[in-house]
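Undergrad:
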Amino acid sequence: MRPFGITIDRKKIETPEIQSLQVEDVAAFSAYFAASTLDKPVIVTDAGFYIEALNGFPGPLVKYINETLSSADLLNLMTDHKNRTVTIKECLAYCAPGEEPRTFTSQQTATLVYEASGNRSSIDNVLILPGFDVTAGAAPQYALEQYWVQQLTHYSDFANFLTGCK
Numbered sequence: 006m007r008p009f010g011i012t013i014d015r016k017k018i019e020t021p022e023i024q025s026l027q028v029e030d031v032a033a034f035s036a037y038f039a040a041s042t043l044d045k046p047v048i049v050t051d052a053g054f055y056i057e058a059l060n061g062f063p064g065p066l067v068k069y070i071n072e073t074l075s076s077a078d079l080l081n082l083m084t085d086h087k088n089r090t091v092t093i094k095e096c097l098a099y100c101a102p103g104e105e106p107r108t109f110t111s112q113q114t115a116t117l118v119y120e121a122s123g124n125r126s127s128i129d130n131v132l133i134l135p136g137f138d139v140t141a142g143a144a145p146q147y148a149l150e151q152y153w154v155q156q157l158t159h160y161s162d163f164a165n166f167l168t169g170c171k
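So this note's numbering is basically just the index in the sequence shown, starting at one, shifted up by 5.
#1: To the nearest angstrom, how far is it from the Cα of ASP44 to the Cα of GLY169?
#2: How is VAL31 classed by DSSP in three states: helix, strand or coil?
#3: Taking the continuous alpha helix (DSSP H) assigned at THR73, which residues delimit it?
#4: Among PRO21, LEU149, GLU29, THR92, which has the Cα closest to the Cα of PHE137?
#5: In the DSSP output, which residue or residues are listed as bridge partners for GLU95?
#6: Enumerate in chain order the residues of its own chain whose CB-to-CB distance from VAL49 is below 7 angstroms, with the five nearest sequence positions on each side excluded.
#7: Confirm, please, whether the CB-CB distance from GLN113 to LEU157 is below 9 angstroms.
#8: Below 8 angstroms, can you find three or more Cβ-Cβ pairs linking the stretch 77-92 to the stretch 139-154?
#9: Note the first and the last residue of the continuous beta strand (DSSP E) segment covering PHE137.
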């Protein structure tokens with residue numbers, strides 16, 4: 006969160022995955038658990054990919070899907086569907102020990118391709134972001150980073166919240 010003048014110490018801990026199809030619920034629970042475990046304020050980020058034609062599947066189950074399904078498997082699920090719209094939700098959850106978590110979410114619409122390309126995750130290899138002519142899996146890393154910095158508002162929303170708390 007360097008652009009906002011906020012310094013973050015990274016600490017990786019395993020948090021229990023709750024059963025929810027809303028990325029905000031998953032991130033909030035993880036933040037609450039981490040804040041309680043570490044006894045310090047934490048932020049947690051999570052993402053969800055909601056495919057309209059599949060009733061929002063896989064939602065926040067992105068990590069699981071990337072570990073278990075190939076890009077071809079994902080495209081096979083879409084064989085009989087013309088609607089290729091995906092809503093990408095990025096969520097940042099903040100929680101201080103003993104407090105309720107706060108969530109900040111950005112949303113972007115993307116499209117699923119008919120043929121996978123790229124060498125990243127299963128989902129990245131079938132996803133076209135607005136303004137791109139290749140999948141996220143085939144796009145240059147710097148272009149993706151620049152795109153997300155411009156598109157994601159939840160980081161600035163969080164920075165505004167945090168600086169208002171001081």
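No residue lacks a Cβ here, since even glycine has one placed at the ideal position from N, Cα and C.
This structure is a prediction, so every number in the text was calculated from the model and none was measured.
TA: This is what the structure holds:
#1: As a working mapping, residue 44 is identified with position 39 in the sequence shown. As a working mapping, residue 169 is identified with position 164 in the sequence shown. Whole-angstrom Cα-Cα distance: 22 angstroms.
#2: The residue you call residue 31 lines up with position 26 of the sequence shown. Note: VAL31 maps to helix in three-state DSSP.
#3: For this step, residue 73 is matched to residue 68 along the sequence shown. Taken as a continuous stretch (DSSP letters only), the alpha helix (DSSP H) holding THR73 covers 67-73.
#4: Start at 1 with the first residue of the sequence shown, and residue 137 comes out as number 132. Residue LEU149 is the option with its Cα nearest to PHE137.
#5: As a first step, residue 95 is located in the sequence shown; it is residue number 90 there, counting from the start. Answer by DSSP bridge pairing, in chain order: ALA52, SER111.
#6: The residue you call residue 49 lines up with position 44 of the sequence shown. Setting aside the 5 residues that flank it on each side, VAL49 is surrounded in the same chain by ALA32, SER35, ALA36, ALA39, ALA98, each with a C-beta closer than 7 angstroms to its C-beta; the list follows chain order.
#7: Your numbering for residue 157 matches position 152 in the sequence shown. Your numbering for residue 113 matches position 108 in the sequence shown. Yes, they are a contact pair.
#8: Touching, no.
#9: To locate residue 137, count along the sequence shown from 1; it is residue 132. Counting along the chain, PHE137 falls outside any beta strand (DSSP E), and DSSP gives it neither H nor E.
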